[in-house]
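Trainee: Below you'll find the structure I mean.
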Amino acid sequence: MAQVVTTETTPQSRSMFGRIPAAYWLFGAFLLVLPSFASNFVMYQIFGWSFILGMIALSLMFLAGYGGMFSLAQMTVAGLAGYVVAICGTSAITDISQNWPWYVNIPAALLIAAIFATVVGWLAVRTEGIYTIMITLAVASAFFYFTRQNYVLFNGFSGFNGVFPPQLFGVDWRHPVAFYYLSLFWAAFWYFAVLYVSRSPMGLALQGIRDNPRRMSALGFDVTAHRVAAYTFAAFPAAIGGILLTWQSAQISPGTAGVGPVIDILVIAVIGGLRHPVGPFVGAFVYVILKSFSIDILVALGLGGERFQLLIGLGFLVIVFWSPDGLLGLWAKLRDLHRRDPLIGRLVRRL
Amino acid sequence: MRSGVQVSGRLSAAGASNALELRGVTKRFGALLALNDVSMTLRPGERRAVLGSNGAGKTTLFNCITGDFLPTAGEIRLYGEDITVFPPQERIRRGLRRTYQISLLFAGLSVLDNIYLACRGVLRRRFSMLRPGRNEPALLSAVDLVELAHLQEVRDSLVSHLSYGQQRQLEIAMALAGAPRLLLLDEPAAGLSPNERQALVEILQNLPEHIGYIIIEHDMDVALRVAEFVTMMHNGRVFKEGNPRELENDAEVQALYLGEVDG
Ligand SMILES: Nc1ncnc2c1ncn2[C@@H]1O[C@H](COP(=O)(O)OP(=O)(O)OP(=O)(O)O)[C@@H](O)[C@H]1O
Ligand SMILES: [Mg+2]
Numbered sequence: 014m015a016q017v018v019t020t021e022t023t024p025q026s027r028s029m030f031g032r033i034p035a036a037y038w039l040f041g042a043f044l045l046v047l048p049s050f051a052s053n054f055v056m057y058q059i060f061g062w063s064f065i066l067g068m069i070a071l072s073l074m075f076l077a078g079y080g081g082m083f084s085l086a087q088m089t090v091a092g093l094a095g096y097v098v099a100i101c102g103t104s105a106i107t108d109i110s111q112n113w114p115w116y117v118n119i120p121a122a123l124l125i126a127a128i129f130a131t132v133v134g135w136l137a138v139r140t141e142g143i144y145t146i147m148i149t150l151a152v153a154s155a156f157f158y159f160t161r162q163n164y165v166l167f168n169g170f171s172g173f174n175g176v177f178p179p180q181l182f183g184v185d186w187r188h189p190v191a192f193y194y195l196s197l198f199w200a201a202f203w204y205f206a207v208l209y210v211s212r213s214p215m216g217l218a219l220q221g222i223r224d225n226p227r228r229m230s231a232l233g234f235d236v237t238a239h240r241v242a243a244y245t246f247a248a249f250p251a252a253i254g255g256i257l258l259t260w261q262s263a264q265i266s267p268g269t270a271g272v273g274p275v276i277d278i279l280v281i282a283v284i285g286g287l288r289h290p291v292g293p294f295v296g297a298f299v300y301v302i303l304k305s306f307s308i309d310i311l312v313a314l315g316l317g318g319e320r321f322q323l324l325i326g327l328g329f330l331v332i333v334f335w336s337p338d339g340l341l342g343l344w345a346k347l348r349d350l351h352r353r354d355p356l357i358g359r360l361v362r363r364l
Numbered sequence: 005m006r007s008g009v010q011v012s013g014r015l016s017a018a019g020a021s022n023a024l025e026l027r028g029v030t031k032r033f034g035a036l037l038a039l040n041d042v043s044m045t046l047r048p049g050e051r052r053a054v055l056g057s058n059g060a061g062k063t064t065l066f067n068c069i070t071g072d073f074l075p076t077a078g079e080i081r082l083y084g085e086d087i088t089v090f091p092p093q094e095r096i097r098r099g100l101r102r103t104y105q106i107s108l109l110f111a112g113l114s115v116l117d118n119i120y121l122a123c124r125g126v127l128r129r130r131f132s133m134l135r136p137g138r139n140e141p142a143l144l145s146a147v148d149l150v151e152l153a154h155l156q157e158v159r160d161s162l163v164s165h166l167s168y169g170q171q172r173q174l175e176i177a178m179a180l181a182g183a184p185r186l187l188l189l190d191e192p193a194a195g196l197s198p199n200e201r202q203a204l205v206e207i208l209q210n211l212p213e214h215i216g217y218i219i220i221e222h223d224m225d226v227a228l229r230v231a232e233f234v235t236m237m238h239n240g241r242v243f244k245e246g247n248p249r250e251l252e253n254d255a256e257v258q259a260l261y262l263g264e265v266d267g
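In order, the protein sequences belong to chains A and B. For the first sequence, this note's numbering gives the first residue as 14, with consecutive numbering after it. For the second sequence, this note's numbering gives the first residue as 5, with consecutive numbering after it.
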């Protein structure tokens with residue numbers, strides 16, 4: 014594996030700004046002014062959706078990248094939060110939806126999603142590797158079948174439509190510009206939150222557990238409790254992603270958190286890279302671009318539009334094969350290619 | 005600090021409880037008796053070497069004391085408290101520390117982070133999501149330990165890039181985090197260069213008096229310089245105990261040792 018000497022920030026060098034390269038500021042500014050020139054489709058469908066999927070994949074990245082726990086239930090946590098907003102709030106299914114105001118139904122969604130994730134975590138942390146994947150996948154499919162068959166609460170197969178965001182501050186949050194900023198805000202919020210937490214005692218402990226759980230308990234840490242707490246924390250970006258996803262399409266149904274989307278989140282996180290919180294967003298952007306345009310391209314080439322999944326699958330294969338660290342790893346490799354030693358003019362091998 | 009008990013060293017051992025007491029500790033792996041009725045007592049601050057051929061059960065003994073394994077039978081007391089079935093972290097919080105025969109470090113984290121985690125493990129707010137401030141006690145003591153282990157130059161490097169000797173030094177630094185009272189050192193000198201060995205011996209000799217340890221060591225020279233009492237293990241049993249001089253000249257011990265060296 015290509016080991017890259019990441020001069021990881023130690024707990025000591027913690028000045029957040031100052032060390033940030035200009036390119037990052039430029040990219041941030043670009044995202045902020047994007048609505049002044051981008052079409053509604055680009056804002057709402059491409060970027061809005063990327064931010065949302067990125068947030069849900071970020072919750073997986075937090076668990077897998079820092080904690081070594083591959084949970085396939087993160088999309089389910091997102092879906093559950095979306096369902097709670099639809100059930101407690103307002104939707105076209107007036108028989109079920111409770112019409113509670115946003116300041117009740119959104120906290121309720123976050124709380125229920127967090128409790129659910131904690132229980133899933135509590136079940137899953139007793140297992141390792143493939144068994145974690147199996148247990149969380151079982152939870153995800155159980156949720157899918159349950160919501161599809163339960164009509165009293167989840168309205169079965171058709172789920173809920175007409176789930177709109179509240180008209181807070183007199184803004185129509187489904188307007189492309191407003192929705193763009195809303196999803197950008199939360200994506201940035203969780204991106205920085207995860208980055209920040211990664212250097213806190215909790216985040217470092219999680220990385221220690223990833224590298225060596227046995228040593229962690231020999232240092233006085235309660236490994237199980239830390240792992241469960243990680244699931245609880247990771248529920249929040251997933252839940253907010255789930256709520257935004259529900260508002261974006263104005264509907265939630267069993268398919269939202271079906272096995273397909275559950276796997277997609279894993280693919281997004283792995284394609285992007287699990288080493289840094291930016292990975293899931295990169296992965297989500299690539300996924301959304303492929304999903305939005307590959308059908309046109311495939312059809313233009315005379316191929317079936319449904320081959321889209323094949324394209325994603327192939328991309329996944331290529332990435333996993335050539336760069337286990339995802340696109341982030343690929344980027345690091347490319348950067349290395351251009352970093353030649355000024356003296357000998359040869360490629361500098363980083364350790 | 006959690007360990008409020010001040011143990012004032014070897015002199016006051018008379019009335020105080022023992023640092024460690026093993027009674028009839030037995031560990032079975034299937035048909036194999038890795039530990040067979042081991043009893044042992046350590047005074048606070050006592051420094052002891054455990055010798056024994058490969059497979060004698062030395063590491064298994066450590067694993068039972070730290071709670072990595074539960075013993076099949078027997079009782080383990082740490083400063084008078086029965087810890088036989090405590091989870092590892094509870095024992096660590098009571099002042100027990102260990103190093104591993106094969107380094108168990110956090111390869112994806114820097115040297116300072118490794119030591120910082122060791123310092124945090126015995127403090128409160130282990131779940132804190134706030135980054136440590138520049139003057140957080142755990143961070144300050146981590147920086148001190150980096151110096152104690154002579155690791156300043158590699159402080160911010162990932163552990164996976166350290167040399168073998170540096171990894172061993174890091175192991176020791178991590179075991180000294182917090183307020184240790186009893187260290188279990190599993191072959192800390194194995195694979196070290198003569199210079200590194202000397203540095204290790206000095207670190208051990210300079211430890212505060214109240215910190216006791218058990219050191220597993222194949223190198224007699226090192227063992228005799230850092231220990232005041234020696235326990236010899238063989239086939240899961242305590243084979244012989246005594247002060248270093250006695251054991252060095254003991255015919256049976258010599259036979260066992262030479263036999264092993266030859267074999
Ligand atoms: N987890 C385990 N499962 C099964 N058998 C084990 C386990 N750990 C140790 N053993 C066995 O117990 C016996 C004692 O092993 P132990 O590691 O304690 O020896 P040791 O005295 O530390 O030897 P060395 O000098 O080689 O480190 C060996 O026969 C070993 O194979
Ligand atoms: Mg051993």
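Where a beta carbon is used, it is the ideal one built from N, C-alpha and C, also for glycine. Just so you know, these numbers come straight off a predicted model, no measurement behind them.
1) Give me the residue from R98(B), G137(B), L208(B) and L180(B) with the minimum Cα distance to R270(B).
2) Can you list the residues of chain A that V126(B) reaches, using a CB-CB cut of under 9 Å?
3) Excluding sequence positions up to five away, which residues of its chain have a Cβ less than 6 Å from the Cβ of W115(A)?
4) If we call anything under 8 Å between Cβ atoms a contact, is A218(A) one with L121(B)?
5) Among residues of its own chain, excluding the 5 on either side of A105(A), which ones have a beta-carbon nearer than 6 Å to its beta-carbon?
6) Looking at chain A, is there any beta carbon in it that lies within less than 8 Å of the beta carbon of F66(B)?
7) Please tell me whether, using a cut-off of 7 Å, the distance from the CB of D190(B) to the nearest non-hydrogen atom of ligand 2 is below it.
8) Can you tell me whether I218(B) is helix, strand or coil according to DSSP?
9) How long is the line joining the alpha carbons of R249(B) and L260(B), rounded to whole angstroms?
10) Counting Cβ pairs, one atom from each stretch, are 3 or more of them under 8 Å apart for the stretch 86-93 of chain A and the stretch 272-281 of chain A?
11) Quick check on DSSP: helix, strand or coil for D117(B)?
12) Residues near ligand 1, CB to any non-hydrogen atom under 6 Å, in chain order?
13) Going by CA-CA distance only, name the one from I308(A), G285(A), I148(A) and S266(A) that's closest to L166(A).
14) Please classify F205(A) as buried or exposed, where buried requires at least 16 neighbouring CB atoms within 10 angstroms.
15) Put I357(A) into one of helix, strand or coil per three-state DSSP.
16) Quick one: does M133(B) have its CB under 8 Å from some CB of chain A?
17) Rounded to whole angstroms, how far is the Cβ of R101(B) from the Cβ of A179(B), which I believe are closer than 8 Å?
18) So which residues of chain A does T63(B) contact, with C-beta pairs closer than 7 Å?
19) What would DSSP say about S72(A), mapped onto helix, strand or coil?
20) Using C-beta distances below 7 Å, list every residue in its chain close to T140(A), excluding the 5 sequence neighbours before and after it, in chain order.
21) Going straight from the alpha carbon of F246(A) to that of S211(A), what length do you get?
22) Taking P290(A) as the query, report the chain B residues whose CB atoms sit under 7 Å from its CB, ordered along the chain.
23) Can we say the stretch 75-85 of chain B touches the stretch 23-39 of chain B, given the rule of at least three CB pairs closer than 8 Å?
24) Could you tell me the boundaries of the beta strand (DSSP E) in which L55(B) lies?
25) Since G221(A) meets chain B, which of its residues come closer than 7 Å, beta carbon to beta carbon?
26) Alpha carbon to alpha carbon, how far is Q220(A) from G142(A)? Give it in angstroms, no decimals.
27) Checking contacts by CB at 8 Å: is P214(A) closer than that to chain B?
28) So if DSSP puts T235(B) in a beta bridge, which residue, or which two residues, is it bridged to?
29) What first and last residue would you give for the alpha helix (DSSP H) that runs through L149(B)?
30) Residues in its own chain within less than 6 Å of A53(B) by CB, not counting five upstream and five downstream?
31) Which same chain residues end up closer than 7 Å to L287(A) when comparing Cβ atoms and leaving out the 5 residues on each side of it in sequence?
32) Taking Cβ positions, are A127(A) and I256(A) nearer each other than 8 Å?
33) Here's a check: name, in chain order, each residue in its chain whose Cβ is nearer than 6 Å to the Cβ of R241(B), leaving out the five neighbours to either side.
34) Taking T70(B) as the query, report the chain A residues whose CB atoms sit under 7 Å from its CB, ordered along the chain.
Mentor: Quick look at the numbers:
1) Examination of residue 270(B) is not possible in this model, given that chain B is present from 5 through 267 alone.
2) Neighbours of V126(B) across chain A, judged by C-beta separation under 9 Å: L232 and G233.
3) So the qualifying residues of the chain are P179.
4) L121(B) sits close to A218(A), with the two beta carbons spaced by under 8 Å.
5) Contacts found: N174 and G175.
6) no
7) yes
8) strand
9) Going by the C-alpha atoms only, they are around 16 Å apart.
10) The stretch 86-93 of chain A, when compared against the stretch 272-281 of chain A, does touch it at the 8 Å Cβ threshold.
11) helix
12) F33(B), L36(B), A38(B), G56(B), N58(B), G59(B), A60(B), G61(B), K62(B), T63(B), T64(B) and Q105(B)
13) S266(A)
14) exposed
15) Here the model assigns I357(A) a pLDDT of 47, short of 50, so the residue's position is not dependable and the matter cannot be decided.
16) yes
17) With a Cβ gap of about 4 Å, R101(B) and A179(B) count as contacting.
18) By Cβ distance, chain A contributes nothing, its closest Cβ being about 13 Å from T63(B), past 7 Å.
19) Secondary structure at S72(A): helix, using DSSP grouped into helix, strand and coil.
20) I148
21) For F246(A) and S211(A), the distance between alpha carbons rounds to 12 Å.
22) Near P290(A) there are no residues of chain B at all, since even the closest Cβ is about 15 Å away, more than 7 Å.
23) yes
24) Boundaries of the beta strand (DSSP E) harbouring L55(B): R51 to G56, taken from the DSSP string.
25) F110, L113 and L121
26) 16 Å
27) yes
28) V54(B) and E245(B)
29) P141 to L152
30) Hits under 6 Å: I219, E221, A227, A231 and V234.
31) M74, A77, G78 and G339
32) No, the pair does not count as a contact, with Cβ atoms beyond the cut-off.
33) N40.
34) A231
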